[in-house]
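Protein chains in written order, with this note's numbering: chain A, 1 to 313; chain B, 314 to 835.
Structure follows, in structure tokens:
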């Protein structure tokens, strides 16, 4: 699939900072050293600082310690290999491609907290799909934040895609309703629905999201086919709570991990994966619509732990 | 927001209190739980280590182990260190204790509130030399534009006129967003009459990467415009940027050099993870920020960024954003946040919130009415609405000592209050004035008018009568006797809450749990 072409190298480009931080931390920490208690303590610190989270870090460290005591892990390099294997194993075979409707428009509902990067991520999804010659319609259901509708509209203009919108302050569910009608009438392949940012702790707003979802479901069979949570990669352990709460309300099918170019750590992905069963589907790595990659755990972990002996050693 | 941290701290205090003699290793062991809780709260790893070490050192230095009340003593140690890490004066606890001792009030941990001269002024606002310029900066999505609006509202309420300058030319529609937010602040009459304007040049907006540098000119023109119009304060809303993007960081540098803002605020998402300190540090090194504003504090973030950021950058936290409304910006006071983290509430902030919503005359008039037993349903409704303007109920209750922790798992829904409002709204004038007239047929009418049940209408009337009676009694008491009367009610707060919660179907299920929680604490 051309979509996945050069995944590994592109991911590596975008992840340069991530890799530098996590691997430089881990790599320079581990390589060439004999494993001992001191090194294990340093490793724990490095994982925590990569936002891997206390629970996931403890699991990894417990494994390292066990291997150390059993004599299986002796050198830093052994530990590096072990961690690679372990983290990869957290990502069993999973459908990471976008689900699509057997016939009629595929509906993608995009959710997330304020400032996670929903609208920007939608522009990326939209560009990707449009490049596959799909007819895309966008629905501006963020009627709350000032300027949000206009923001999506501008992306629509730049990408040459129709945007269905309502009044600022209007009912987002009714915009979703109109958008479904429009998608059916215009024979669109994909309908992407932008929603207002909402903190997962705000019950009324979470209920509104459930309402939008049910409106969509009544209009188009099987919709929404994808419900994505956009997560800011710089967020800390709270991202887990977000994933759990949104999953409860909106029945998430995937995560769009945004702003991974900005944070120096990629560890939150590990934490999310070990706590929820929701696959990460896409990774956002910049501000232009092309800065998007499908999430591939193998290349992700490879990129994180890769040995670049010629360059780094 | 700090429930988990509170829990783990409190379990440390309990552990230490329960032992007849404690050793150094007891203290260290107890701190292990705190360490985990802090890490889970996204406090930076190194800060956690430092914090725990300093608590243990201090505890040993103060000979907590020899104290008769080690748990109590430990609270003081932790409180002081927390305040220090949050950027406040670590002597606050001692002062508060001395103050409490001299006034003879209270048993147990005393809230160190109302200390004078505890904080430097939140903002430096020179008024004699033209407009004060404030520059906002931060990562994408941290909440700069929203915070600009809130800060403008904060200043307007204090009589300052504000010019918002839309210098974010990168994000599509950022300019429109600031214009809309600015108009909302300008039109909000409850904030007073000070002028709020927006300087925007939408035609300068260009696609990402092409408009770098133009922002400097927009800012310059914005400040000139403000000077011409005699505006007191200018707030520059800059584009979100990564701390590792040299070109964009240089743009900020240029704005800084050209306009010499009196204050630079860095906006930080309170939910940021371990990386928070790195980006804050990078911004600070480049711009020497004067203060930090933590946003999205109303989420269930455990607020670790608050503890790390000040400690690592040295820049003080000035404000926290606590909601979507324009008024949802609170001043950050280290000692108060430390109290909240330790589950001791923050009465002072609550009082301030109330003061912003109710004028002194209004309060006095109401008090007089209450004392005479003349409170009507209309007064009640007005009170209810005032309280609701102050913020979500759960947030407010969380500011009361002990209650935040008790309500941790309780679902407080503001929707219950909607029902109460609906019931009162369905009453006629006579019924509102003298709820005693409510008979079956009136109750039936009100219930169908408000979409509630007769039972609920009856309950409200009953509660109203009970509260009126209490206030009437209190009116004839001295203030000391009033306090005692409320204390004597025992689970009075719980009963009141339970009563409110008792409304609605969902509410009744949790009433007993609230009550039992209160009893447990006693």
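Even for Gly, the Cβ is constructed at its ideal location relative to N, Cα and C.
Model, not experiment: these values are computed from the prediction.
Q. When the distance is taken between beta carbons, is residue 220/A closer than 7 Å to residue 109/A?
A. To locate residue 109/A, count along the first chain from 1; it is residue 109. To locate residue 220/A, count along the first chain from 1; it is residue 220. It is not a contact, given that the beta carbons lie outside the stated cut-off.
Q) The beta strand (DSSP E) with residue 226/A in it runs from where to where? A) Here residue 226/A is taken as the residue at index 226 of the first chain, counted from 1. It spans 226-232 - the beta strand (DSSP E) in which residue 226/A sits, taken as one unbroken run.
Q.
In the DSSP assignment, the beta strand (DSSP E) including residue 633/B goes from what residue to what residue?
A. Along the second chain, read from residue 1 onward, the residue named residue 633/B stands at position 320. Looking at the DSSP string, the run of the beta strand (DSSP E) that includes residue 633/B is 630-634.
Q.
Which same chain residues end up closer than 7 Å to residue 829/B when comparing Cβ atoms and leaving out the 5 residues on each side of it in sequence?
A. Looking up residue 829/B in the second chain gives position 516. Residue placement at residue 829/B is poorly supported in this model, since its pLDDT is 44, which falls under 50; the coordinates still yield a value, given next. Contacts found: none.
**Q.** 8 Å CB neighbourhood of residue 609/B in its chain, flanking five on each side removed
**A.** In the second chain, residue 609/B corresponds to position 296, counting from 1. Hits under 8 Å: 456, 582, 583, 584, 634.
Q: Would you give the residue range spanned by the beta strand (DSSP E) that residue 449/B belongs to?
A: For the purposes of this step, residue 449/B is taken as residue 136 along the second chain, with counting starting at 1. Run containing residue 449/B: 445-451, per the beta strand (DSSP E) assignment.
Q: Could you list the residues in the region 480-494 of chain B with a C-beta less than 9 Å from some C-beta on chain A, going in chain order?
A: 483, 484, 485, 486, 487, 488, 489, 490, 491, 492, 493, 494
Q) How far does the alpha helix (DSSP H) with residue 120/A in it reach, from first residue to last? A) Within the first chain, residue 120/A is the residue found at index 120, counting from 1. Unbroken alpha helix (DSSP H) run through residue 120/A: 118-131.
Q) Per DSSP, which one or two residues make a beta bridge with residue 139/A? A) Sequence index remark: in the first chain, residue 139/A carries index 139 (1-based). 164/A, 193/A, per the DSSP bridge assignment.
Q) Expressed to the nearest angstrom, what Euclidean distance is found between the alpha-carbon atoms of residue 29/A and residue 84/A? A) Numbered from 1 along the first chain, position 29 holds the residue referred to as residue 29/A. Numbered from 1 along the first chain, position 84 holds the residue referred to as residue 84/A. C-alpha separation (whole angstroms): 15 Å.
Q. How would you label residue 354/B, buried or exposed, when you count the other beta carbons within 10 angstroms and need 16 or more for buried?
A. In the second chain, the residue the question calls residue 354/B occupies position 41. Looking at its Cβ environment, which holds 16 or more other Cβ atoms inside 10 Å, residue 354/B is buried.
Q. For residue 756/B, which residues from the same chain have a beta carbon less than 7 Å from its beta carbon, with the 5 sequence-adjacent residues on both sides left out?
A. Numbered from 1 along the second chain, position 443 holds the residue referred to as residue 756/B. Answer for residue 756/B: 767, 770, 771, listed in chain order.
**Q.** Beta-bridge partners of residue 108/A, as assigned by DSSP
**A.** For the purposes of this step, residue 108/A is taken as residue 108 along the first chain, with counting starting at 1. Partner(s): 192/A, 226/A.
**Q.** Sequence-distant residues of its chain with Cβ nearer than 6 Å to residue 314/A (five each side left out)
**A.** Outside the displayed span of chain A (1 to 313) sits residue 314/A, for which this structure offers no information.
Q: Output yes or no for whether 7 Å exceeds the beta carbon distance between residue 169/A and residue 175/A.
A: Locating residue 169/A in the first chain gives position 169, where the first residue counts as 1. Locating residue 175/A in the first chain gives position 175, where the first residue counts as 1. No, these two residues do not count as a Cβ contact at 7 Å.
Q) Is any beta-carbon of chain A found at less than 7 Å from that of residue 708/B? A) Here residue 708/B refers to the residue found at position 395 of the second chain. For residue 708/B, the answer is no, since every Cβ of chain A falls outside 7 Å of its Cβ.
Q | Complete runs of the alpha helix (DSSP H) confined to the region 475-523 of chain B [at least 4 residues] | A | 487-500
**Q.** Burial state of residue 345/B (16 or more Cβ within 10 Å)
**A.** By one-based count along the second chain, residue 345/B stands at place 32. The residue is exposed, with fewer than 16 neighbouring Cβ atoms inside 10 Å.
**Q.** Beta-carbon proximity list for residue 100/A, same chain, < 7 Å, skipping 5 on both sides
**A.** For the purposes of this step, residue 100/A is taken as the residue at position 100 of the first chain. Answer for residue 100/A: 106, 225, listed in chain order.
Q: Consider the Cβ of residue 385/B: report whether some Cβ of chain A lies at a distance smaller than 7 Å.
A: Your numbering for residue 385/B matches position 72 in the second chain. No - not a single Cβ of chain A is within 7 Å of the one on residue 385/B.
Q) alpha helix (DSSP H) containing residue 696/B: first to last residue? A) Here residue 696/B refers to the residue found at position 383 when the second chain is read from its first residue. Segment 690-702, the alpha helix (DSSP H) holding residue 696/B.
Q. Where does residue 235/A fall in DSSP's three states?
A. Within the first chain, the letter at position 235 stands for residue 235/A. Reduced to three states, the DSSP call for residue 235/A is strand.
Q. Looking at the C-beta of residue 734/B, does it have a partner C-beta in chain A at a distance below 7 Å?
A. Here residue 734/B refers to the residue found at position 421 when the second chain is read from its first residue. No, residue 734/B does not count as interfacial toward chain A.
Q: Could you check which residue in 655/B, 479/B, 460/B has the C-alpha nearest to that of residue 385/B?
A: In the second chain, residue 385/B corresponds to position 72, counting from 1. Out of 655/B, 479/B, 460/B, 655/B has the C-alpha closest to the C-alpha of residue 385/B.
Q) Using the rule of at least 16 other Cβ atoms within 10 Å of the residue's Cβ for burial, across every protein chain shown, is residue 382/B buried or exposed? A) On the second chain, residue 382/B is found 69 positions in, with the first residue counted as 1. It counts as exposed.
Q) At a Cβ threshold of 7 Å, is residue 584/B touching chain A? A) The count along the second chain starts at 1 and reaches residue 584/B at position 271. True, the Cβ-Cβ gap to chain A drops below 7 Å.
Q) According to the Cβ coordinates, are residue 358/B and residue 45/A closer than 7 Å? A) Position 45 of the second chain, counted from the start, is the residue given in the question as residue 358/B. Position 45 of the first chain, counted from the start, is the residue given in the question as residue 45/A. Against a cut-off of 7 Å, the Cβ pair of residue 45/A and residue 358/B comes out as a contact.
Q. Are the beta-carbon atoms belonging to residue 199/A and residue 233/A less than 7 Å from one another?
A. For the purposes of this step, residue 199/A is identified with residue 199 of the first chain, where counting begins at 1. For the purposes of this step, residue 233/A is identified with residue 233 of the first chain, where counting begins at 1. No. Outside cutoff.
Q: For residue 238/A, count neighbouring C-beta atoms within 10 Å of its own C-beta (all shown protein chains included) and say buried if the count is 16 or more, exposed if not.
A: Taking the first chain and counting its residues from 1, one reaches residue 238/A at position 238. The residue in question, residue 238/A, is buried, as its Cβ has 16 or more Cβ neighbours within 10 Å.
Q. Is the CB of residue 451/B under 7 Å away from at least one CB in chain A?
A. Against the second chain, residue 451/B aligns to sequence position 138. No, its Cβ sits nowhere closer than 7 Å to a Cβ of chain A.
**Q.** Own chain residues within Cβ distance below 7 Å of residue 539/B, not counting five before or after
**A.** For the purposes of this step, residue 539/B is identified with residue 226 of the second chain, where counting begins at 1. Answer for residue 539/B: 444, 476, 547, listed in chain order.
Q. For residue 70/A, does the three-state DSSP call read helix, strand or coil?
A. The residue you call residue 70/A lines up with position 70 of the first chain. In this structure, residue 70/A counts as coil in the three-state DSSP scheme.
Q) Tell me which same chain residues have a C-beta within less than 7 Å of the C-beta of residue 697/B, skipping the five on either side of it? A) Working through the second chain from its first residue, we reach residue 697/B at position 384. Excluding residues within five positions, the ones whose Cβ falls inside 7 Å are 730, 733, 734.
Q: Using a Cβ-Cβ cut-off of 7 Å, state whether residue 196/A counts as contacting chain B.
A: By one-based count along the first chain, residue 196/A stands at place 196. Chain B contact via Cβ: absent.
Q) Among all the DSSP beta bridges, which residues are the ones paired with residue 258/A? A) Here residue 258/A refers to the residue found at position 258 of the first chain. Its beta-bridge partners are 232/A.
(Q) Please report the distance separating the alpha-carbon of residue 247/A from that of residue 783/B. (A) Along the first chain, one-based indexing puts residue 247/A at 247. Along the second chain, one-based indexing puts residue 783/B at 470. So the alpha carbons of these two residues sit roughly 46 Å apart.
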